[in-house]
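A.B. asks:
Take a look at the structure:
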């Protein structure tokens, strides 16, 4: 809480002690730019919204050039329209950087939009109850989410959830897991409906 956004994002690099302080800050600025927060680089956590704090955390993960991102509800504190936009931006960044993503979400739309294959799982005992192949182009944009293929995949996931009783019986821990894709982007989506 005593570091501003730029300092928070630069911290992992500074702790590694492989780069100069100036280089750490330059990499941190680039990561903040990637998540749309460069103009808030000097703001402290108390001055940022919940969604901005989540994007700072994402920038902090990106700055280390990790090959894998583990994201638990990365945009939960963001309204629906911004969340859709950030999902698109995260997908774009993952493709650009050839990242593997494990994403936890409560949204079927989000799970489908950020994956190539959705594996639907149920709890108690944990088991796979279905799979859906997501037939969307690698280069996605906001119009992709309006496509028939997107809606078909969401419908298939929902049907699996309904057939397994997860939606009808209030199962609060049905998850969808997305497997490896051709570009190296993975996603794990966890839906609670």
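Residue numbers (this note's numbering): 171 to 363. Built from N, CA and C at the ideal position, the CB exists for glycine as well.
(1) Helix, strand or coil: how does DSSP classify residue 301 here?
(2) Take every Cβ of the stretch 262-271, pair it with every Cβ of the stretch 232-241, and state whether three or more of those distances are shorter than 8 Å.
(3) Under the three-state reduction of DSSP, which class applies to residue 327: helix, strand or coil?
(4) Classify residue 321 as buried or exposed, calling it buried when 16 or more other Cβ atoms lie within 10 Å of its own Cβ.
(5) Hey, could you find the ends of the alpha helix (DSSP H) residue 255 is sitting in?
(6) Looking only at its own chain, which residues have a Cβ that is under 8 Å from the Cβ of residue 252, when we skip the five neighbours before and after it?
(7) Grouping DSSP H, G and I as helix and E and B as strand, with all else coil, what is residue 314?
(8) For chain C, check one thing: does any of its Cβ atoms lie closer than 8 Å to the Cβ of residue 241?
(9) If residue 289 and residue 298 are in contact, beta carbons under 8 Å, what's the gap, nearest whole angstrom?
(10) Can you tell me whether residue 350 is buried or exposed? The criterion is at least 16 other CB atoms within 10 Å of its CB, across all chains shown.
(11) Assign residue 181 to one of three DSSP states: helix, strand, or coil.
(12) Can the beta-carbon of residue 151 be found less than 8 Å from the beta-carbon of residue 308?
(13) Please state if the CB of residue 176 and the CB of residue 195 are separated by a distance shorter than 8 Å.
(14) Could you check the C-alpha separation between residue 255 and residue 312 for me, to the nearest Å?
(15) For residue 277, is the classification buried or exposed, using 16 other Cβ atoms within 10 angstroms of its Cβ as the cut-off for buried?
C.D. replies: With the structure as the only source:
(1) In the chain shown, residue 301 corresponds to position 131, counting from 1. Strand.
(2) yes
(3) For the purposes of this step, residue 327 is taken as residue 157 along the chain shown, with counting starting at 1. In this structure, residue 327 counts as helix in the three-state DSSP scheme.
(4) Here residue 321 refers to the residue found at position 151 when the chain shown is read from its first residue. Answer is exposed; the Cβ neighbour count stays below 16.
(5) In the chain shown, counting from the first residue as 1, residue 255 sits at position 85. Residues 250-267.
(6) Here residue 252 corresponds to residue number 82 of the chain shown, with the count starting at 1. Correct list, in chain order: 221, 245.
(7) The residue labelled residue 314 in the question sits at position 144 within the chain shown. In the structure shown, residue 314 sits in a helix (DSSP, three-state: H, G or I).
(8) No chain C appears in the structure shown, which is made up of a single protein chain.
(9) Reading the chain shown from its first residue, position 119 is the one you call residue 289. Reading the chain shown from its first residue, position 128 is the one you call residue 298. Cβ-Cβ separation between residue 289 and residue 298: approximately 6 Å, consistent with a contact (criterion under 8 Å).
(10) Reading the chain shown from its first residue, position 180 is the one you call residue 350. Note on residue 350: pLDDT 34, under 50, position unreliable in the model; no value is reported.
(11) As a first step, residue 181 must be located in the chain shown, where it is residue number 11. Three-state result, residue 181: helix.
(12) No answer is possible for residue 151: the residues shown for the chain start at 171 and end at 363.
(13) Residue 195 sits at position 25 when you count from the first residue of the chain shown. Residue 176 sits at position 6 when you count from the first residue of the chain shown. Yes, the pair counts as a contact, with Cβ atoms nearer than the cut-off.
(14) For the purposes of this step, residue 255 is taken as residue 85 along the chain shown, with counting starting at 1. For the purposes of this step, residue 312 is taken as residue 142 along the chain shown, with counting starting at 1. Near 7 Å, if we compare the C-alpha coordinates of residue 312 and residue 255.
(15) Taking the chain shown and counting its residues from 1, the one referred to as residue 277 is at position 107. It counts as buried.
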